[in-house]
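Chemist: Okay, here's the structure, questions in a sec.
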Amino acid sequence: MAPAQYLLAVRRLRADETTPVPTGAIAAELDRSPAAATEMADRLAERGLVEHEPYEGVVLTEEGDERADRLARTYEILCRFCRDVLCIDDYEAEASALVGTVSADVAERLAEVLLTDEKAPSP
């Protein structure tokens with residue numbers, strides 16, 4: 001699973017911006033093993049996107065929070081595109097699979113060009 005899905009999971013699961021999200025909760029959210037979630041937390045920490053405290057969990061850094069916000073917007077746009085334009089039943093799973101591979105610029109263009117019935121989702 002791509003780092004984007006982990007960042008989105010941390011963003012979704014956090015109670016606030018300072019309380020660590022346990023890696024076990026991330027693993028459960030993404031249907032991964034706790035070891036896989038811990039390994040990804042370490043990788044994200046090396047990239048400066050999270051602070052990982054073993055046995056406590058992870059907290060998004062400022063850079064990680066900004067990245068997660070952009071990913072969340074891209075995810076919302078992709079959900080609408082997959083649901084409204086492509087008529088995919090499991091549009092959330094499709095959007096989740098695409099979110100780390102589609103740039104924010106492409107997502108914004110999708111929103112502008114194809115989702116003209118109303119404004120694109122706000123961040």
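Numbering-wise (the UniProt record's numbering), the sequence shown opens with residue 1 and increments by one. A virtual CB, placed ideally from N, CA and C, is assigned to each residue, including glycine. Because the structure is a prediction, the values reported are computed rather than measured.
For my contact list, valine 102 and leucine 86 are in at a C-beta cut-off of 8 angstroms; report their separation, rounded to the angstrom.
Modeler: As a working note, residue 102 is residue 102 in the sequence shown. As a working note, residue 86 is residue 86 in the sequence shown. 14 angstroms between Cβ atoms; not a contact.
Chemist: With DSSP as the reference, please indicate the residues paired to glutamate 63 in a beta bridge.
Modeler: Numbered from 1 along the sequence shown, position 63 holds the residue referred to as residue 63. In the DSSP output, where bridge partners are listed per residue, glutamate 63 has none listed.
Chemist: Consult DSSP for glycine 100 and reduce its assignment to one of helix, strand or coil.
Modeler: Working through the sequence shown from its first residue, we reach residue 100 at position 100. DSSP places glycine 100 in coil when its eight states are reduced to three.
Chemist: Measure the CB-CB distance between tyrosine 75 and leucine 8 and report whether it falls below 8 angstroms.
Modeler: Your numbering for residue 75 matches position 75 in the sequence shown. Your numbering for residue 8 matches position 8 in the sequence shown. Their beta carbons are under 8 angstroms apart, which means tyrosine 75 touches leucine 8 by this criterion.
Chemist: Measure from the alpha carbon of threonine 19 to the alpha carbon of each residue in Gln5, Glu53, Gly48, Ala27, then state which is nearest.
Modeler: The sequence position of residue 19 within the sequence shown is 19, counting from 1. Measuring from the Cα of threonine 19, the nearest candidate turns out to be Glu53.
Chemist: For the UniProt domain "HTH dtxR-type" (1 to 61), list the beta strand (DSSP E) runs that are entirely contained and at least 3 residues long, ordered along the chain.
Modeler: Taking only runs of at least 3 residues, the beta strand (DSSP E) segments lying wholly in the UniProt domain "HTH dtxR-type" (1 to 61) are 50 to 53, 57 to 60.
Chemist: Alpha carbon to alpha carbon, what distance is there between glutamate 62 and aspartate 90?
Modeler: Taking the sequence shown and counting its residues from 1, the one referred to as residue 90 is at position 90. Taking the sequence shown and counting its residues from 1, the one referred to as residue 62 is at position 62. Answer to the nearest angstrom: the Cα atoms are 32 angstroms apart.
Chemist: Is isoleucine 77 helix, strand or coil when you go by DSSP?
Modeler: Taking the sequence shown and counting its residues from 1, one reaches residue 77 at position 77. Correct three-state label for isoleucine 77: helix.
Chemist: I need the straight-line Cα distance from glutamate 17 to arginine 83, nearest angstrom please.
Modeler: One-based indexing of the sequence shown puts residue 17 at position 17. One-based indexing of the sequence shown puts residue 83 at position 83. Computed Cα separation, rounded: 31 angstroms.
Chemist: With distances taken Cα to Cα, identify the nearest neighbour of arginine 73 among Pro3, Ala111, Ala36.
Modeler: Translated into positions along the sequence shown, residue 73 becomes position 73. The option with the nearest alpha carbon to arginine 73 is Ala111.
Chemist: So, with DSSP's three-state summary, where would you put aspartate 90?
Modeler: Counting from one through the sequence shown, the residue named residue 90 turns up at place 90. Three-state result, aspartate 90: coil.
Chemist: Would leucine 60 and leucine 49 be called neighbours here (beta carbons separated by less than 8 angstroms)?
Modeler: Counting from one through the sequence shown, the residue named residue 60 turns up at place 60. Counting from one through the sequence shown, the residue named residue 49 turns up at place 49. Contact: yes.
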